[in-house]
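What follows is a single structure, written as structure tokens, with notes after it.
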Ligand SMILES: *Cc1c(COP(=O)(O)O)cnc(C)c1O
């Protein structure tokens, strides 16, 4: 039986692909677009949720903790990843879930439960106040915040930058890094690791401008608060988290048809829609090299299908 650290090492030894992305609509604009396919890291432990978790798993082990406790909504990609990580790396897991227990669990929570996660539903008010049920001995748990965006989560995302720089085939600089943001952890990790190179565009999946503060806060936590080569793009949230707009779904379907890259409606769909829209508006200079980070999240499509029907017409 290989030890814990060598399993993690194995997991990180294979880089996720960095592929050319050709979008015919953007041909006239002369851009070089590359996509970092973190959605392909692993079927269950994928995307930025793995990036944010791996150093936390090492730390939990170092502290001798046997249980991971975390927080999330009923469709959370983070809950899904923590449940899978627990099963894979031999931790018990507790998920504190926002809202009353539903009559029937959705796809995300069914999976989490099948991995052995102990699901604890608490009211939205209790959730906001982080009031954990009394019977849970929190001192004995390793607590990962919602979305996994603590300092080790931020640092873990630096690996995305390191991998891409090893994968690029020439020394031509990257002009832009584009990614989707929810809590800002991934954006902060990438900005920190770039050390001032490139410009990072964080596309907000949520309404409002609060993310700007959140990213700045996480940068400061990581001693990277002085980097200002980044910008929050807040025009492509499509109404917020759990909304779906026909225009976006149609875009995701035709994007898949052309590129073979599956997107989700909460994060990466909005990101690619936003990049295409900005490109058509002349935002990027001709000749720009752009790295797009596919942060995963495709498990969310299962729950999406359960709720809204087969609007997304691709498998993944
Ligand atoms: C959670 C998630 C994000 C948001 O990442 P943050 O680090 O919270 O900003 C982006 N994309 C996908 C697919 C996610 O699951």
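Numbering (my numbering), first residue to last: 627 to 942. Even for Gly, the Cβ is constructed at its ideal location relative to N, Cα and C. Source: prediction; values computed, not measured.
To the nearest angstrom, report how far apart residue i and residue j are at their CA atoms.
| i | j | result |
| --- | --- | --- |
| residue 767 | residue 790 | 34 Å |
| residue 753 | residue 769 | 15 Å |
| residue 896 | residue 889 | 9 Å |
| residue 924 | residue 931 | 11 Å |
| residue 680 | residue 635 | 10 Å |
| residue 684 | residue 645 | 30 Å |
| residue 907 | residue 690 | 53 Å |
| residue 695 | residue 773 | 12 Å |
| residue 936 | residue 736 | 19 Å |
| residue 641 | residue 662 | 10 Å |
| residue 786 | residue 812 | 9 Å |
| residue 715 | residue 657 | 41 Å |
| residue 724 | residue 744 | 14 Å |
| residue 732 | residue 797 | 46 Å |
| residue 721 | residue 747 | 8 Å |
| residue 803 | residue 879 | 24 Å |
| residue 826 | residue 918 | 10 Å |
| residue 902 | residue 700 | 30 Å |
| residue 643 | residue 692 | 33 Å |
| residue 666 | residue 938 | 19 Å |
| residue 759 | residue 749 | 11 Å |
| residue 738 | residue 730 | 14 Å |
Consult DSSP for residue i and reduce its assignment to one of helix, strand or coil.
| i | result |
| --- | --- |
| residue 926 | helix |
| residue 665 | helix |
| residue 798 | coil |
| residue 645 | strand |
| residue 853 | coil |
| residue 885 | helix |
| residue 639 | helix |
| residue 724 | strand |
| residue 784 | helix |
| residue 809 | coil |
| residue 831 | coil |
| residue 741 | coil |
| residue 871 | coil |
| residue 892 | coil |
| residue 847 | helix |
| residue 915 | strand |
| residue 751 | helix |
| residue 634 | helix |
| residue 761 | coil |
| residue 731 | coil |
Exposed or buried, which one is residue i when buried takes at least 16 other CB atoms within 10 Å?
| i | result |
| --- | --- |
| residue 704 | buried |
| residue 740 | exposed |
| residue 887 | buried |
| residue 673 | buried |
| residue 763 | exposed |
| residue 632 | exposed |
| residue 651 | exposed |
| residue 863 | buried |
| residue 891 | buried |
| residue 933 | exposed |
| residue 845 | buried |
| residue 839 | exposed |
| residue 756 | exposed |
So residue i packs on residue j, CB below 8 Å; how close in whole Å?
| i | j | result |
| --- | --- | --- |
| residue 900 | residue 859 | 6 Å |
| residue 777 | residue 848 | 6 Å |
| residue 921 | residue 893 | 6 Å |
| residue 837 | residue 810 | 5 Å |
| residue 884 | residue 649 | 7 Å |
| residue 850 | residue 824 | The pair is not a contact, with the Cβ atoms about 14 Å apart (cut-off 8 Å). |
| residue 671 | residue 707 | 6 Å |
| residue 805 | residue 816 | 7 Å |
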